[in-house]
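The structure under discussion appears below in the form of structure tokens.
Residue numbers (my numbering): 14 to 341.
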């Protein structure tokens, strides 16, 4: 009788009043929901396996930052040294702060000039009324995204060459001296930002165009009846309607502020521009892989990820305080 009374109506009422308490009825309901969606969970399984192996599995190696890693002894056998590598990073490393400065400056340029680019391009696409022309323009803008930086770097080196490049040839026709776009510290960052916008702006419009399709057309009709032109419609209807999407993408972008484009920089930079082009990721690659300083570069990478995590939470908090929807 005691077992029969375990799921009595009175206890169910008490369970509902205690949201954190799990009863046998709740477990049964959860199992029923799982059985209904079992094929969806089965489709989710490969993704969970992927993240478990390639995203969460490597977290075991974070402890290398707190050890003097020796390949023969492995991670478990290497001696602990505590915060030694972090202290060296902030006090004795001559390159760290210069590289951190380069990373922040490049990311700042990407945010100022690169973040608005897909938004503006999406707004321009939204104004095109000829569907065929619109599809062609979108397809052309997407194409650079599907080319790797290995391919594009070779293309840029050829196009921007001071001796044989088409860009400098056209400049010479106008009486301008050859510009070393990829070999001069004064122009290298500009070249990086412009080429990054050219490659990714078209692809970045996809999410904004999807957000634009969800705007109620009746809002535009009402605005036209009130005498609002295209500019006022964009300013008072289009932009406010996609502001939540812009806020979320901005949070992601701030979280990547210490990721200044490893593939792009690695394939385009050279010793002549190390002073302005060397960033955290290329430094970790060059020192960690080629000079075998695994522990120190793991500490640098861990520092970068911790800062990114703090920036994401901080930006999300500020976005929510401003009235927009954040990530969490």
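From the three backbone atoms N, C-alpha and C, an ideal C-beta is built for every residue, glycine too.
Quantities reported herein were computed from a predicted structural model and do not represent experimental measurements.
field: First and last residue of the uninterrupted alpha helix (DSSP H) at residue 311
entry: For the purposes of this step, residue 311 is identified with residue 298 of the chain shown, where counting begins at 1. Secondary structure note for residue 311: its alpha helix (DSSP H) is the uninterrupted segment 307-334.
Using a Cβ-Cβ cutoff of less than 8 Å, which residues in the same chain neighbour residue 286 once the five nearest sequence positions on both sides are dropped? Reading the chain shown from its first residue, position 273 is the one you call residue 286. Excluding sequence neighbours, residue 286 sits near 195, 196, 197, 198 and 201.
Quick one: Cα of residue 155 to Cα of residue 191, how far?
On the chain shown, position 142 is the one that residue 155 refers to. On the chain shown, position 178 is the one that residue 191 refers to. Roughly 31 Å between the two C-alpha positions.
For residue 125, tell me which candidate among 210, 327 and 112 has the shortest Cα-Cα distance. If you number the chain shown from 1, residue 125 lands on position 112. Just measuring C-alpha positions, the residue of 210, 327 and 112 sitting nearest residue 125 is 210.
Start and end residues, alpha helix (DSSP H) containing residue 101 | Position 88 of the chain shown, counting from 1, holds the residue named residue 101. Run containing residue 101: 97-104, per the alpha helix (DSSP H) assignment.
| message | Measuring straight from C-alpha to C-alpha, what distance separates residue 94 and residue 184? | response | Looking up residue 94 in the chain shown gives position 81. Looking up residue 184 in the chain shown gives position 171. If you draw a straight line from the Cα of residue 94 to the Cα of residue 184, it is about 56 Å long.
Quiz item: Just curious, the alpha helix (DSSP H) that residue 230 is in, first and last residue?
Solution: Stepping through the chain shown from its first residue, residue 230 is reached at position 217. Counting along the chain, the alpha helix (DSSP H) containing residue 230 begins and ends at 230-238.
- For residue 80, count neighbouring C-beta atoms within 10 Å of its own C-beta (all shown protein chains included) and say buried if the count is 16 or more, exposed if not. For the purposes of this step, residue 80 is taken as residue 67 along the chain shown, with counting starting at 1. Burial call: buried.
Once you ignore the five residues that flank residue 162 on each side, which residues in its own chain have a CB closer than 6 Å to its CB? What you label residue 162 is simply residue 149 of the chain shown in a count that begins at 1. Contacts found: 276, 277 and 280.
**Prompt:** Which residues mark the beginning and the end of the alpha helix (DSSP H) in which residue 108 is found?
**Reply:** On the chain shown, residue 108 is found 95 positions in, with the first residue counted as 1. It is not in any alpha helix (DSSP H) - residue 108 carries neither H nor E in the DSSP assignment.
task = Measure the alpha-carbon distance for residue 326 versus residue 216 and round it to whole angstroms.
result = Counting from one through the chain shown, the residue named residue 326 turns up at place 313. Counting from one through the chain shown, the residue named residue 216 turns up at place 203. Each residue's Cα considered, the two are about 26 Å apart.
Roughly how many whole angstroms lie between the Cα atoms of residue 147 and residue 136?
Translated into the one-based positions of the chain shown, residue 147 becomes position 134. Translated into the one-based positions of the chain shown, residue 136 becomes position 123. Spanning the alpha carbons of residue 147 and residue 136 requires a straight line of approximately 12 Å.
Rounded to the nearest angstrom, how far is the Cβ of residue 219 from that of residue 251, given a contact under 8 Å?
In the chain shown, the residue the question calls residue 219 occupies position 206. In the chain shown, the residue the question calls residue 251 occupies position 238. Incorrect: roughly 17 Å between the Cβ atoms, too far for contact.
Cβ pair residue 116, residue 292 closer than 7 Å: On the chain shown, position 103 is the one that residue 116 refers to. On the chain shown, position 279 is the one that residue 292 refers to. Yes. Within cutoff.
Following the continuous alpha helix (DSSP H) through residue 152, name the residue where it begins and the one where it ends. Within the chain shown, the letter at position 139 stands for residue 152. DSSP places residue 152 in the uninterrupted alpha helix (DSSP H) bounded by 144-155.
Beta-bridge pairing of residue 80 - partner residues as DSSP gives them = Numbered from its first residue, the chain shown carries residue 80 at position 67. Bridge partners of residue 80: 93.
task = Could you give the DSSP three-state label for residue 50: helix, strand or coil?
result = In the chain shown, counting from the first residue as 1, residue 50 sits at position 37. Per DSSP, reduced to three states, the secondary structure at residue 50 is coil, with no helix or strand assignment.
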